[in-house]
Amino acid sequence: MSMEALPSAPRADVEAYRADRGSRYLQWSPILLGAFAATALSFVMVTFGASVGLGVTSAAPTWRDASAALWILSGIYLILQAILSFGLGGYIAGWVRTPAAPGGPVEHTEQADGLHGLAVWALAVVMGAILATLLGAATLSRTPTGATSARTSAAEPLLSYELDRLYRAGRRAPTVDLSSERAEAGRILLTTSGHDGLSADDRTYLIQQVVGTTGLAPADAERRVDTVIANAKTAIARSRRSTIILAFSVATAVLLGAIAAWAAACAGGRHRDGAPLPEWMAHSNALDRRRTAVLP
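The structure is reproduced here in structure tokens:
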């Protein structure tokens, strides 16, 4: 059979196939614009929340006196800002996107808009992670680089107040450096949150260290060490609870942000095409409909 004998597909079917395939292509300009808008709004809202005290974690000693209600409120704020930020980015992407098939099926157009919103969400998450990494690297670059492992401890930001109380003395030479002792005591105090708690040998060693560095009587040093151990255990427990709340809040915010980006992109596509908006956005045009009804 020759090639000329093969039946050709109708032109209408070919155009419909091309329109259907064309509506599925991603347009990166709207995606980039929406991702930048979402990242910018998220950065502004997170910075504002941290400035007014809506932060789930904090290294300040007074934060450990905050109630669980403030932690939950901070988590809810984190979720709301993610929904607003990703929703804005998705709406912009859906509204700016040029539909490849104006006369194509509505379902395909909404799927294409939703995929653009999902791409905005993914790109904004990556950009936010990069921004957080850069801020963290800038913070670490300000710390002294000459400190050795013996003079540093992961407990210093969390238990700094407890370590201050542990080695507080009325008289001490101004040239005395207690960095190594503080780091060692911090590592020992971190074991209070373990299943077995602080061992008797570590407790005795801390008492000896306090007696030698502060000049207190053994009985006074023992009472101080016991108080610091109890406070350190409480501080670590509060830090763990706030970390759990932060982890759940971030995960929920990211997942709900994906849903918000998809839905907002579909709504932006409807607005672009002049189609009726979804019910959850129809109330925003109530004032315009009333004005139209009043006009002659």
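Residue numbers (the numbering used here): 232 to 527.
We put the beta carbon where it would ideally sit given N, CA and C, even for glycine.
Everything numeric in this text was worked out from a predicted model, so none of it was measured.
| Where does proline 330 fall in DSSP's three states? | coil
| For alanine 355 and leucine 389, the rounded distance between their alpha carbons | 31 Å
| Which value, in whole angstroms, describes the spacing of the CA atoms of histidine 339 and alanine 494? | 14 Å
| field | For aspartate 432, the three-state DSSP class (helix, strand or coil) | value | helix
| said: So the candidates are Ser391, Ile262 and Phe317; which of them puts its Cα closest to the Cα of serine 410? | reply: Ser391
| said: Using only CA atoms, which one of Gln439, Ala431, Gly401 and His347 lies nearest to glutamate 412? | reply: Gln439
| field | 9 Å Cβ cutoff met for isoleucine 314 and alanine 491 | value | yes
| field | Neighbour-count burial assignment, histidine 426, 16 or more Cβ in a 10 Å radius | value | exposed
| In whole angstroms, what is the alpha-carbon distance linking tyrosine 322 and threonine 483? | 20 Å
| When the distance is taken between beta carbons, is glutamine 312 closer than 9 Å to methionine 358? | no
| Pick from Leu447, Glu393 and Leu362 that is closest to alanine 400, judged by C-alpha positions | Leu447
| Where glutamine 531 sits in the DSSP three-state scheme | Coverage of the chain is limited to positions 232 through 527, which leaves residue 531 absent and any answer about it impossible.
| query | Enumerated in chain order, which unbroken segments of the beta strand (DSSP E) with a length of 3 residues or greater are wholly contained in the stretch 464-496? | reply | none
| message | Helix, strand or coil for glycine 401? Go by DSSP, reduced to three states. | response | coil
| I think leucine 309 touches valine 441, with their Cβ atoms under 8 Å apart; what is that distance to the nearest whole Å? | About 40 Å separates the two Cβ atoms, so there is no contact after all.
| message | Output needed for threonine 422: all residues of its chain with C-beta closer than 8 Å, excluding positions within five of it in sequence on either side, in chain order. | response | Gly428, Leu429, Ser430 and Asp433
| query | Between alanine 268 and the rest of its own chain, which residues show a CB-CB distance below 6 Å, the 5 nearest in sequence each way excluded? | reply | Leu319, Gly320 and Ile323
| said: Please identify the residue among Leu257, Ile419, Tyr398 and Ser316 whose C-alpha is closest to the C-alpha of phenylalanine 274. | reply: Ser316
| Close beta carbons around proline 527, own chain, < 7 Å, minus the five adjacent residues each side | Because the pLDDT at proline 527 is just 48, under 50, the model does not fix this residue reliably, and the point stays unresolved.
| task | Measuring alpha carbon to alpha carbon, tell me which of Thr465, Ala271 and Glu387 ends up nearest alanine 363. | result | Ala271
| query | At what residues does the alpha helix (DSSP H) containing glutamate 412 begin and finish? | reply | 410-421
| query | Which value, in whole angstroms, describes the spacing of the CA atoms of threonine 329 and valine 485? | reply | 27 Å
| task | Report buried or exposed for glycine 345, applying the criterion of at least 16 other Cβ atoms within 10 angstroms of its Cβ. | result | buried
| If you check the beta carbons only, do tryptophan 326 and glycine 488 fall under 9 Å apart? | no
| said: Rounded to the nearest angstrom, what separates threonine 465 and arginine 472 at their Cα positions? | reply: 11 Å
| Cα separation between isoleucine 262 and arginine 503? | 16 Å
| message | Just to confirm before moving on: does the CB-CB distance between leucine 397 and glutamate 387 stay below 9 Å? | response | no
| field | Beta-carbon proximity check, alanine 350 vs leucine 257, cutoff 9 Å | value | yes
| request: Please list, in chain order, all residues of the same chain as alanine 478 whose beta carbon is under 6 Å from its beta carbon, the five residues on each side excluded. | output: none
| Where does histidine 339 sit, in a helix, a strand or coil, going by DSSP? | helix
| message | Less than 8 Å between C-beta atoms, sequence neighbours within five positions excluded: which residues of the same chain meet that for arginine 529? | response | The requested residue 529 is not part of the displayed model; the chain covers only 232 to 527.
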